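Accompanying notes for the structure given below.
Protein chains: 2
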Amino acid sequence: MAPEFERIAELRRRSHRPGGSVRLGIGDDAAILRPEPGLETVVTTDLLVEGVHFDLAWSTPELLGRKALAVSLSDVAAMGAVPRAAFMSLAVPRHLDDAFVEAFFAGVLQLADRFGITLAGGDLSSSPGPLVVDSVVVGEVEPGRALCRSGACPGDLIFVSGTLGSAAAGLRQLRSGMTLDTATTGMDLDAIRSHVAPAPRVELGRALLLTSIASAAIDVSDGFSSDLAHICTESGIGAVVDAALLPTHFTLDDALHGGEQYELIFSASPAFVPRIDLVAHQLKIDITRVGRFEGPAGEMWLERDGRRERLEPRGWEHFK
Amino acid sequence: MAPEFERIAELRRRSHRPGGSVRLGIGDDAAILRPEPGLETVVTTDLLVEGVHFDLAWSTPELLGRKALAVSLSDVAAMGAVPRAAFMSLAVPRHLDDAFVEAFFAGVLQLADRFGITLAGGDLSSSPGPLVVDSVVVGEVEPGRALCRSGACPGDLIFVSGTLGSAAAGLRQLRSGMTLDTATTGMDLDAIRSHVAPAPRVELGRALLLTSIASAAIDVSDGFSSDLAHICTESGIGAVVDAALLPTHFTLDDALHGGEQYELIFSASPAFVPRIDLVAHQLKIDITRVGRFEGPAGEMWLERDGRRERLEPRGWEHFK
Numbered sequence: 386m387a388p389e390f391e392r393i394a395e396l397r398r399r400s401h402r403p404g405g406s407v408r409l410g411i412g413d414d415a416a417i418l419r420p421e422p423g424l425e426t427v428v429t430t431d432l433l434v435e436g437v438h439f440d441l442a443w444s445t446p447e448l449l450g451r452k453a454l455a456v457s458l459s460d461v462a463a464m465g466a467v468p469r470a471a472f473m474s475l476a477v478p479r480h481l482d483d484a485f486v487e488a489f490f491a492g493v494l495q496l497a498d499r500f501g502i503t504l505a506g507g508d509l510s511s512s513p514g515p516l517v518v519d520s521v522v523v524g525e526v527e528p529g530r531a532l533c534r535s536g537a538c539p540g541d542l543i544f545v546s547g548t549l550g551s552a553a554a555g556l557r558q559l560r561s562g563m564t565l566d567t568a569t570t571g572m573d574l575d576a577i578r579s580h581v582a583p584a585p586r587v588e589l590g591r592a593l594l595l596t597s598i599a600s601a602a603i604d605v606s607d608g609f610s611s612d613l614a615h616i617c618t619e620s621g622i623g624a625v626v627d628a629a630l631l632p633t634h635f636t637l638d639d640a641l642h643g644g645e646q647y648e649l650i651f652s653a654s655p656a657f658v659p660r661i662d663l664v665a666h667q668l669k670i671d672i673t674r675v676g677r678f679e680g681p682a683g684e685m686w687l688e689r690d691g692r693r694e695r696l697e698p699r700g701w702e703h704f705k
Numbered sequence: 386m387a388p389e390f391e392r393i394a395e396l397r398r399r400s401h402r403p404g405g406s407v408r409l410g411i412g413d414d415a416a417i418l419r420p421e422p423g424l425e426t427v428v429t430t431d432l433l434v435e436g437v438h439f440d441l442a443w444s445t446p447e448l449l450g451r452k453a454l455a456v457s458l459s460d461v462a463a464m465g466a467v468p469r470a471a472f473m474s475l476a477v478p479r480h481l482d483d484a485f486v487e488a489f490f491a492g493v494l495q496l497a498d499r500f501g502i503t504l505a506g507g508d509l510s511s512s513p514g515p516l517v518v519d520s521v522v523v524g525e526v527e528p529g530r531a532l533c534r535s536g537a538c539p540g541d542l543i544f545v546s547g548t549l550g551s552a553a554a555g556l557r558q559l560r561s562g563m564t565l566d567t568a569t570t571g572m573d574l575d576a577i578r579s580h581v582a583p584a585p586r587v588e589l590g591r592a593l594l595l596t597s598i599a600s601a602a603i604d605v606s607d608g609f610s611s612d613l614a615h616i617c618t619e620s621g622i623g624a625v626v627d628a629a630l631l632p633t634h635f636t637l638d639d640a641l642h643g644g645e646q647y648e649l650i651f652s653a654s655p656a657f658v659p660r661i662d663l664v665a666h667q668l669k670i671d672i673t674r675v676g677r678f679e680g681p682a683g684e685m686w687l688e689r690d691g692r693r694e695r696l697e698p699r700g701w702e703h704f705k
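What follows is the structure, given as structure tokens:
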């Protein structure tokens with residue numbers, strides 16, 4: 386392994402982005418960001434642990450770096466904020482070489498470029514165990530306007546972007562030993578790609594805030610049922626979901642409870658349906674109404690074949 | 386283990402700090418901070434990996450949590466910035482129970498209270514290997530005034546706060562099996578305490594900035610020789626250190642190369658010596674002049690018993 390400092394010097398050259406909101410990036414005791422006057426700062430952190438969140442055999446180092454950044458960008462998207470800077474910390478097992486770390490950061494920098502953000506810092510350590518990644522993204526948002534989990538009102542409709550369940554189906558295929566290279570059907574390929582290369586909905590989150598459409602939003606990281614439950618709990622409201630409306634090519638279980646989908650769930654008044662259609666059209670993103678908010682706090686129901694059953698949050702919980 | 390969400394809810398209650406610069410803390414997709422108008426934002430991240438940076442037998446979970454926050458506060462101190470919010474991510478091995486995680490965060494919150502900052506977020510995961518902690522601190526600093534590594538000028542003197550080498554001596558004792566409970570001499574106790582409970586020099590960093598004393602600063606995380614070398618490299622200058630002046634009760638090797646001391650090294654014009662004496666007196670911190678900046682970039686010399694020898698950066702490098 387090259388010494389830590391040479392590695393940092395190399396990253397520093399590659400992540401340099403003159404101007405922008407990062408005044409001082411990699412290479413001092415701390416990075417210095419220049420906030421836009423009048424804006425609030427958002428900060429999110431996501432741990433990815435080998436053997437818990439990923440297996441090195443599932444993907445490439447580039448895609449893993451890309452995903453580590455994507456999951457944090459997804460949190461920023463769910464706030465309706467603009468991402469500005471990323472900080473990526475890695476505890477690296479000794480069996481992984483320089484080429485792995487370089488490829489990982491190539492993936493990070495590629496996605497950072499795509500969203501115009503700077504890799505402004507992080508930390509590197511060896512690890513006597515698994516690869517552990519902590520991804521931090523700092524962003525900015527108009528004061529008081531961030532899309533929180535707490536803003537859903539009775540009568541608001543529930544919307545979800547894209548499709549559900551593909552990342553869960555992809556995870557199942559990856560666990561069975563299938564990879565992007567060995568997948569043969571288009572559906573398996575889509576599913577695996579959805580798991581290893583999720584696309585954060587940054588533009589959508591931004592549009593939902595700027596058009597004042599969404600009253601609350603969250604990204605589907607734990608699973609639709611669990612993430613909807615977060616909105617219900619924080620907003621002090623219940624929800625009714627129509628199973629037939631859930632946008633998925635996979636099983637109802639995958640759609641309801643599959644994690645790491647990184648689509649956005651948001652609440653909006655029925656009056657905003659035309660505006661939502663316009664945003665969906667402009668961004669070329671499917672946005673589907675899947676239910677409505679109503680009833681007692683935290684009580685979720687699933688309507689299915691004319692019957693109504695309780696919808697339990699059965700998404701991913703790391704500590705279970 | 387309690388589910389992640391209950392754990393977060395509990396932390397959320399305990400870390401709540403009304404008013405202040407954190408508008409939304411633990412419990413949404415991201416935290417929201419309200420920057421002070423006109424200030425810049427500083428961000429620093431530090432990984433602590435069990436088996437690399439610490440051993441669970443060396444200390445208590447409270448002290449470990451305290452130290453994780455302290456090392457990031459030390460980076461903020463070295464910039465002369467005011468810390469505002471902390472984000473703490475943990476990958477926790479299954480053999481560690483709820484009580485461990487609670488005690489860890491009790492230590493974090495205790496030090497956070499001491500500096501008036503909010504624990505505003507983080508992430509929790511299980512770990513199939515070691516305990517891994519990523520500590521992130523966000524702070525604020527007057528625009529263009531942060532104490533960078535790049536500001537040292539020819540003729541500036543080299544100052545260091547407190548004493549050097551105790552954390553390295555403490556680490557040696559910890560590795561030999563000694564602990565805070567079994568140490569018998571005052572010197573061993575001081576050394577071990579210095580390693581497991583470092584005190585970040587936040588007030589000193591702030592004073593160095595506000596009084597315009599320091600032209601450059603860094604904290605002693607890797608070791609005096611390596612951290613001084615960072616200032617030399619970034620400032621394009623050399624340094625001459627007088628061995629007899631180094632403030633230490635331990636060996637010259639510990640003083641020069643021992644890491645994790647978390648004192649500040651800074652550069653200042655000789656004209657500021659009276660001002661420095663005043664700051665030292667007011668903050669009740671020893672500040673010692675140990676050399677001067679001069680000569681070609683990166684060239685460091687140690688004066689010792691009337692002879693001059695090359696001073697090599699031999700502090701800690703995680704990847705070696």
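Chains as they are written, first to last, in the numbering used here: chain A, 386 to 705; chain B, 386 to 705.
Here a beta-carbon is modelled for each residue, glycine too, at the ideal position from N, C-alpha and C.
As the structure is a computational prediction, the values presented were derived from the model and not from experiment.
Contact check, residue 748 of chain B vs residue 622 of chain B, beta carbons under 8 Å: Chain B is shown from 386 up to 705; residue 748 of chain B falls before or after that span and cannot be answered.
Given that a residue counts as buried once 16 or more other Cβ atoms are within 10 Å of its Cβ, and exposed if not, what is residue 599 of chain A? Residue 599 of chain A is buried by the Cβ-count criterion.
If the cut-off is 8 Å on Cβ atoms, which residues from the stretch 537-559 of chain B count as contacting chain A, listed in chain order? Correct list: empty, as no residue qualifies.
Going along chain A, which residues have a C-beta under 8 Å from residue 489 of chain B? Scanning chain A for C-beta atoms nearer than 8 Å to the C-beta of residue 489 of chain B yields nothing, as the closest lies near 14 Å away.
Does DSSP classify residue 395 of chain B as helix, strand or coil? Helix.
From the DSSP output, in three-state form, read off residue 632 of chain A for me. DSSP, reduced to helix, strand and coil, places residue 632 of chain A outside both helices and strands of the structure shown, so it counts as coil.
Does any residue of chain B have a CB that is nearer than 8 Å to the CB of residue 467 of chain A? No, residue 467 of chain A lies away from the interface with chain B (no Cβ there is under 8 Å from its Cβ).
Per the contact definition of three or more C-beta pairs closer than 8 Å, is the stretch 505-516 of chain B in contact with the stretch 466-483 of chain B? Between the stretch 466-483 of chain B and the stretch 505-516 of chain B there are three or more inter-stretch CB-CB distances shorter than 8 Å, so the stretches are counted as touching.
First and last residue of the uninterrupted beta strand (DSSP E) at residue 525 of chain B: Its beta strand (DSSP E) spans residues 517-526.
Could you check the C-alpha separation between residue 612 of chain A and residue 631 of chain A for me, to the nearest Å? So the two alpha carbons sit approximately 15 Å from each other.
Measuring straight from C-alpha to C-alpha, what distance separates residue 703 of chain A and residue 635 of chain B? Reliability of the predicted coordinates at residue 703 of chain A is poor, the pLDDT of 44 falling under 50, and the value obtained from them is presented with this limitation in mind. Between residue 703 of chain A and residue 635 of chain B, the C-alpha separation is close to 45 Å.
Stretch-stretch touch, CB-based, cutoff 8 Å, three pairs: the stretch 585-594 of chain A with the stretch 457-464 of chain A: Touching, yes.
Reduced DSSP secondary structure (H/G/I, E/B, other) of residue 546 of chain A: Residue 546 of chain A falls in the strand class under three-state DSSP.
Listed by chain order, chain D residues near residue 416 of chain A by CB distance under 8 Å: The structure shown has no chain D; the protein chains it does contain are A and B.
Do you know whose CA, among B:496, B:587, B:580, lies nearest residue 668 of chain B's CA? Residue 668 of chain B has its Cα closest to that of B:587, out of B:496, B:587, B:580.
Rounded straight-line distance, which links the Cα of residue 447 of chain A to that of residue 386 of chain A: Note that residue 386 of chain A scores a pLDDT of 36, beneath 50, so its modelled location is shaky and nothing firm can be said.
Could you have a look at residue 712 of chain B and say whether DSSP puts it in helix, strand or coil? The requested residue 712 of chain B is not part of the displayed model; chain B covers only 386 to 705.
Do residue 418 of chain B and residue 426 of chain A have their beta-carbon atoms positioned less than 8 Å apart in this structure? Remark: C-beta atoms of residue 426 of chain A and residue 418 of chain B approach each other more closely than 8 Å.
Find the residues of chain A that neighbour residue 361 of chain B, judging by a C-beta separation of less than 8 Å, and give them in chain order. Only positions 386 to 705 of chain B appear in this structure, which leaves residue 361 of chain B out of reach.
Consult DSSP for residue 692 of chain A and reduce its assignment to one of helix, strand or coil. In this structure, residue 692 of chain A counts as strand in the three-state DSSP scheme.
Using a Cβ-Cβ cutoff of 7 Å, what residues of the stretch 472-487 of chain B are near chain A? List them in chain order. Those would be 472, 474, 476, in chain order.
Listing by chain order, which chain A residues have their CB less than 7 Å from the CB of residue 420 of chain B? Those within 7 Å of residue 420 of chain B in chain A are 420, 426.
Residue range of the unbroken alpha helix (DSSP H) whose run includes residue 479 of chain A: First-last for residue 479 of chain A: undefined, no H or E at that position.
Neighbouring residues, chain B, relative to residue 505 of chain A (Cβ below 9 Å): Ordered by position in chain B, the residues that pass the 9 Å Cβ test against residue 505 of chain A are 428.
Would residue 506 of chain B pass as a contact of residue 616 of chain B if the rule is Cβ separation under 8 Å? In this structure, residue 506 of chain B keeps its C-beta atom at 8 Å or more from the C-beta atom of residue 616 of chain B.
Residue 607 of chain A to residue 648 of chain A span [Cα, whole Å]: Taking the Cα positions, residue 607 of chain A is about 11 Å away from residue 648 of chain A.
Count the other C-beta atoms from every protein chain shown that fall within 10 angstroms of the C-beta of residue 569 of chain A, then say buried if there are 16 or more, exposed otherwise. If you draw a 10 Å sphere on the C-beta of residue 569 of chain A, you find fewer than 16 other C-beta atoms in it, and that means exposed.
DSSP beta-bridge partners of residue 471 of chain A: Looking at the DSSP output, residue 471 of chain A shares a beta bridge with A:504, A:522.
For residue 514 of chain A, decide whether its Cβ has a neighbour in chain B, counting only Cβ atoms nearer than 8 Å. Closer than 8 Å to some Cβ of chain B, the Cβ of residue 514 of chain A qualifies, so yes.
Check whether chain A comes within 8 Å of residue 449 of chain B, counting only Cβ atoms and requiring the distance to be less than that. For residue 449 of chain B, the answer is no, since every Cβ of chain A falls outside 8 Å of its Cβ.
Sheet register partners of residue 672 of chain A (DSSP bridge): Beta-bridge annotation (DSSP): residue 672 of chain A is paired with A:546.
Which residues in chain A sit within 9 Å of residue 629 of chain B, going by Cβ to Cβ distance? Ordered by position in chain A, no residue passes the 9 Å Cβ test against residue 629 of chain B, which lies about 28 Å from the chain.
Start-end ranges of the beta strand (DSSP E) lying completely within the stretch 423-470 of chain A, minimum 3 residues: Listed in chain order, they are 425-434.
Name, please, each residue of chain A whose Cβ falls closer than 8 Å to the Cβ of residue 696 of chain B. Residues of chain A whose Cβ lies closer than 8 Å to the Cβ of residue 696 of chain B do not exist, since the nearest Cβ in that chain is about 17 Å away.
Boundaries of the beta strand (DSSP E) in which residue 651 of chain A is found, first to last residue: Secondary structure note for residue 651 of chain A: its beta strand (DSSP E) is the uninterrupted segment 649-653.
Closer than 8 Å to chain A by CB, residue 519 of chain B: Output row for residue 519 of chain B: interface = yes.
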